[in-house]
Structure formats: C-alpha cells, structure tokens
Amino acid sequence: QVLAGIALGAAIGYFYPETGESLKPLGDAFIKVVKMIIAPVVFLTIATGIAGMNDLQKVGRVAGKAMVYFLTFSTLALVVGLIVANVVQPGAGLNIDPASLDLQAVKGFVAKAHEQSVTGFLMNIIPSTIPGAFADGDILQVLFFSVLFG
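With positions in the sequence shown counted from 1, the corresponding number in our numbering is that position plus 18.
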C-alpha cells in the first residue's frame, strides 16, 4: 500500500502538477502527525520494555543489542551518505561569491560547529526539562528519560 501511494503521488505530481501542489497540505499534515507521535511511542516502548524485565542480565543484553543495532545502522547510513555524496557531488559547478553570503548566518553555522564536541553531545542527551524533550522532539533526550523512568 505504501509503494502504491508513493507511485500514485509521483504520477499525480508528474502528470498533474497543479493538483499535486494543491495536495501538499495533506502531505505536510501527515508528516506532522507522524512527528507528533514519535516521541510518545519511543518513550512508552522503551519504558514498558524495561519495566517488564525483572532480570538485570536481560536488560544488559537488550541494551547491548540496541547499541549494536544503532552502531550498525548509523555506520550503514554514513557509508550510503558518503557514496551518494561522492557520486552525485551536490553543489558541483556552483560558483558562489563569498562576498554575497550573509555573514551573520555563516557565523551562526561556525559557532554551532565549534560547539559540537563529545562533551557537548553527551550533555545534550540530558534534557533541560522532561516536557521540553517531548515538545522539541529530541529523540535522544526522550530515550534517556525513558531508560531512567523504565
């Protein structure tokens, strides 16, 4: 059904672009609904899964398997991203004059890049507030809280 929906959406967008454009709010609403339920689903799944385990060895095995799964698929995503970036070469042929760039935006990106360190990453896992982690949709913070809560 999902593949049929993708094919139908692509066909409508290709053959009837004005109709496809008018259906854009439906797609945007669907994406927002999915994003809205991700954090609660992750929280409830992790918390109830941990709460249901009485044996600490089981919890350790599940955590180990989750870590291996996370590392495997993160590495796979990294490799696919590198291959696609090297094959497609996005931005190739663009001649952007550095003088025309907005300096404030560039400074923001540079500051954000310098902030990202291992310590900063680990500190970002701990949410400032519990509702804030859910409201911002920061899944890593939701995971942290759900493990503590479970």
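Glycine included, every Cβ here is placed at the ideal spot set by N, Cα and C. Note that the structure is a prediction, hence the values are computed from the model and not measured.
Quiz item: Would the beta-carbon of valine 165 fall within 8 Å of that of isoleucine 30?
Solution: no
Quiz item: glycine 38 to glutamine 75, Cα distance in whole Å?
Solution: 52 Å
Quiz prompt | Contact under 8 Å by Cβ, glutamine 159 with proline 149 | solution = no
Quiz item: According to DSSP, is glutamine 107 helix, strand or coil?
Solution: coil
Exercise. Below 8 Å on the Cβ atoms is my guess for isoleucine 56 versus glycine 155; work out the distance and round it to an integer in Å.
Key: 7 Å
Quiz item: By a C-beta neighbour count over all protein chains shown, 10 Å radius and 16 as the cutoff for buried, is alanine 151 buried or exposed?
Solution: buried
Quiz item: What are the start and end residues of the alpha helix (DSSP H) that includes leucine 112?
Solution: Looking at the DSSP string, leucine 112 is not in any alpha helix (DSSP H), and its letter there is neither H nor E.
Quiz item: Beta-carbon separation of isoleucine 143 and valine 60 under 8 Å?
Solution: no
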